[in-house]
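K.L.:
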Amino acid sequence: MGQKRQSIIKVADVRRSKSGNESGIGTEKWQIDALVAETVTLPGSIRPTQTSMPMYMFLTRSEYDRGVNTFSPEGRLFQVEYAIEAIKLGSTAIGVVLAVEKRITSPLMVPSTVEKIVEVDRRIGCATSGLMADARTLIERARVECQNHWFVYNERMSIESCAQAVSALAIQFGDSGDGGSAMSRPFGVAILFAGVEDGKPQLWHMDPSGTYIRYGAKAIGSGSEGAQQNLQDNYTAEMTLTDAINLSLNNLKQVMEDKLNSTNVEVMTMTPENLFRMHTKEEVEKIITNLA
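Counted the way the UniProt record's numbering counts, the sequence shown spans residues 1 to 292.
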């Protein structure tokens, strides 16, 4: 402790001589005590110099956790990593066609009010997994951007541009540069954007870090690891719409905790001839029956 205190005293003396402080050794003594013991009671008007403290403060992991835009020494943003983990708390969504598990946690819940697949505009649909309150905020942004693009340019917004606009909002945590209030944390939700452009299907995935990537098939949510492996083994770009639906529901059947039925699953398909189309419970039940 004596050696450490001597090095601090030396730095304090150098700072005093450079700044031309004439308040005497008493002020420097209180400054040194503030650095070593962190908290002291100062008499009268004497105050410790705050500029020296950052030289001796080292953030622990818990302190890196508190800052949404503070990198750890390993180059990690822990808050973003935690938001990505929040996605795994959500239900499974598979994006060949959009097929999503709906978790009905109580028999008193009305299943039709639990929406995991929503329409952004006529040519874009999306499935979400994670915190649904966060999902609604991002979906609302997607809808506003699509309508604004139609109003200004008199053309439909591309699926990639829609995903890009939403990702721009997703990465604004901890940033209030536009004069607005900063978001206190990243969004804990992942989104699959699906649609048809130039007669061809497109699927884009966005995660809480704001990264958006195009996929041929993608799974998100609690069972995404196993479902994604099944997609890698069985998905082909040449498969028919019926094959894609069967693959999606077979994947859900394998990773869901509850038995697959028409109440806890939603299915949406999109083709050039028939845009955003939600399948009815009867249609889903028929598909599930044919899987057995």
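Ideal placement from N, C-alpha and C gives every residue a C-beta, glycine not left out.
Taking the straight line between their C-alpha atoms, what separation do you get for A165 and E155?
P.N.:
Cα to Cα, A165 sits roughly 16 Å from E155.
K.L.:
CB-CB under 6 Å to Q228, same chain, minus the five flanking residues each way: which ones, in chain order?
P.N.:
Same-chain partners within the cutoff: A219.
K.L.:
Please classify K200: is it buried, with 16 or more other beta-carbons within 10 angstroms of its beta-carbon, or exposed?
P.N.:
Exposed: under 16 other Cβ atoms inside 10 Å.
K.L.:
DSSP puts E257 in a beta bridge; with which residues?
P.N.:
DSSP lists no partner for E257.
K.L.:
From D243 to S184, what does the alpha carbon distance come to, in whole angstroms?
P.N.:
43 Å
K.L.:
Just to confirm my understanding: we take R214, look at its own chain, exclude 5 residues before and 5 after, and list those with CB closer than 6 Å. What are they?
P.N.:
W204
K.L.:
Evaluate N290 with the Cβ neighbour count: other Cβ atoms within 10 Å of its Cβ, from every protein chain shown; 16 or more gives buried, anything less gives exposed.
P.N.:
exposed
K.L.:
Rounded to whole angstroms, what is the Cα-Cα separation between G188 and I171?
P.N.:
12 Å
K.L.:
Buried or exposed: where does L231 fall if 16 or more other Cβ atoms within 10 Å of its Cβ makes it buried?
P.N.:
buried
K.L.:
For H279, which of M157, T236, V267 has the nearest alpha-carbon?
P.N.:
V267
K.L.:
Helix, strand or coil for Y235? Go by DSSP, reduced to three states.
P.N.:
coil
K.L.:
For Q147 and P208, I'd like the C-alpha separation in whole angstroms.
P.N.:
Roughly 24 Å separates the two Cα atoms.
K.L.:
Going by alpha carbons, who is nearest to I287 out of L169, I245, Q254?
P.N.:
I245
K.L.:
Considering L203, what are the terminal residues of the beta strand (DSSP E) in which it resides?
P.N.:
First-last of the beta strand (DSSP E) with L203: 200 to 206.
K.L.:
From which residue to which residue does the alpha helix (DSSP H) around S167 run?
P.N.:
159 to 170
K.L.:
Cβ of G226 versus every heavy atom of the ligand HEM: is any distance shorter than 7 Å?
P.N.:
For the structure depicted, the ligand HEM is absent and the ligand set is empty, with no information on it obtainable.
K.L.:
Pull the bridge partners of residue 311 from the DSSP assignment, please.
P.N.:
Only positions 1 to 292 of the chain appear in the structure, and residue 311 is not among them; the question remains open.
K.L.:
Under the rule that 16 or more other beta-carbon atoms within 10 Å means buried, what is A127, buried or exposed?
P.N.:
buried
K.L.:
Bridge partners of C126, per DSSP?
P.N.:
V118, F193
K.L.:
Give the range of the alpha helix (DSSP H) segment to which K285 is assigned.
P.N.:
The question names Lys, but residue 285 in the sequence shown is Glu. E285 -> alpha helix (DSSP H) spans 281 to 291.
K.L.:
Flag this pair as yes or no: are the beta carbons of A99 and L275 separated by less than 8 Å?
P.N.:
no
K.L.:
Looking at K116 and N264, is the spacing between their C-beta atoms short of 8 Å?
P.N.:
no
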